[in-house]
Amino acid sequence: MATTNLSYYDKATIPNAKDFRFGIVVSEWNPEITKNLHKGAIETLLDCGATEKNIVSWDVPGSFELVFGCKKMIETEKLDAIIAIGNVIQGETKHFDFVCEGVTQGIVDLNIKYDVPVIFCVLTDNTKQQSIDRSGGKLGNKGIECAVAAIKMAAIKMAAIKSLKTNTNNIGF
Numbered sequence: 318m319a320t321t322n323l324s325y326y327d328k329a330t331i332p333n334a335k336d337f338r339f340g341i342v343v344s345e346w347n348p349e350i351t352k353n354l355h356k357g358a359i360e361t362l363l364d365c366g367a368t369e370k371n372i373v374s375w376d377v378p379g380s381f382e383l384v385f386g387c388k389k390m391i392e393t394e395k396l397d398a399i400i401a402i403g404n405v406i407q408g409e410t411k412h413f414d415f416v417c418e419g420v421t422q423g424i425v426d427l428n429i430k431y432d433v434p435v436i437f438c439v440l441t442d443n444t445k446q447q448s449i450d451r452s453g454g455k456l457g458n459k460g461i462e463c464a465v466a467a468i469k470m471a472a473i474k475m476a477a478i479k480s481l482k483t484n485t486n487n488i489g490f
């Protein structure tokens, strides 16, 4: 488990996001957590060159609905990367396990099926305090880290597309 703030980044090591279009799908469940993650992601995208007009945000009721929201966003918006933001906190039943497993596998499936990277920004914590600590608290903001990942993955996607256009014999993509 992380014990230090990992949300600091060096802009010199991150591609400029000005030419990329991002989607963010946010769970409305545990809004005090997900809104902070969303805010961190937006601020980071903007800080790294993205424009407000190139960031699309949709809300869904809960973390389980993130997969469908991301799927529909991929199908209806022209995007370079999507960040799926949610929060599931351990309770007294197995519901936590089912939601976490379903969302995780669903996002994996989207990454396999579609040519748009979907970044997993779903906090799966044992306590609300752990979620607070990871959504702008003492351990940073995972929304920031996921925005950096989205930018890097958008750049990889763009490089792969350019490689295909210039290297028709490249079997790697």
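Remember, this note's numbering sits 317 above the position in the sequence shown when you count from 1. For glycine and all other residues, C-beta sits at the position ideal for the given N, C-alpha and C. Quick caveat, the model's predicted, so the values are computed rather than measured.
Three-state secondary structure (DSSP) of residue i
i, result
"Ile359", "helix"
"Cys438", "strand"
"Asn428", "helix"
"Gly403", "strand"
"Gly453", "strand"
"Ala398", "strand"
"Val433", "coil"
Exposure of residue i, with buried meaning 16 or more beta-carbon neighbours within 10 Å
i, result
"Gln446", "exposed"
Proximal residues to residue i (C-beta, below 6 Å), its chain only, five neighbours per side dropped
i, result
"Asp442", "Ile406, Ser448"
"Tyr492", "The structure shown does not extend to residue 492, since the chain spans only 318 to 490, so no value can be given for it."
"Thr361", "Ile461, Ala464"
>> Report the start-end ranges of each alpha helix (DSSP H) in the region 455–485 that is 4 residues or longer and not cut off at the edges.
In response: 459–483
> Per the contact definition of three or more C-beta pairs closer than 8 Å, is the region 381–391 in contact with the region 330–342?
Replying inline: yes
> Are three or more beta carbon pairs between the region 465–479 and the region 329–337 nearer than 8 Å?
Replying inline: A contact exists between the region 465–479 and the region 329–337.
> Which runs of the beta strand (DSSP E) spanning at least 3 residues fall entirely within the region 339–394, listed in chain order?
Replying inline: 339–344, 372–377
> For the region 349–365 against the region 448–458, are there 3 or more C-beta pairs whose distance is under 8 Å?
Replying inline: yes
> Can at least three beta-carbon pairs, one atom from the region 451–460 and one from the region 416–435, be found at a separation below 8 Å?
Replying inline: no
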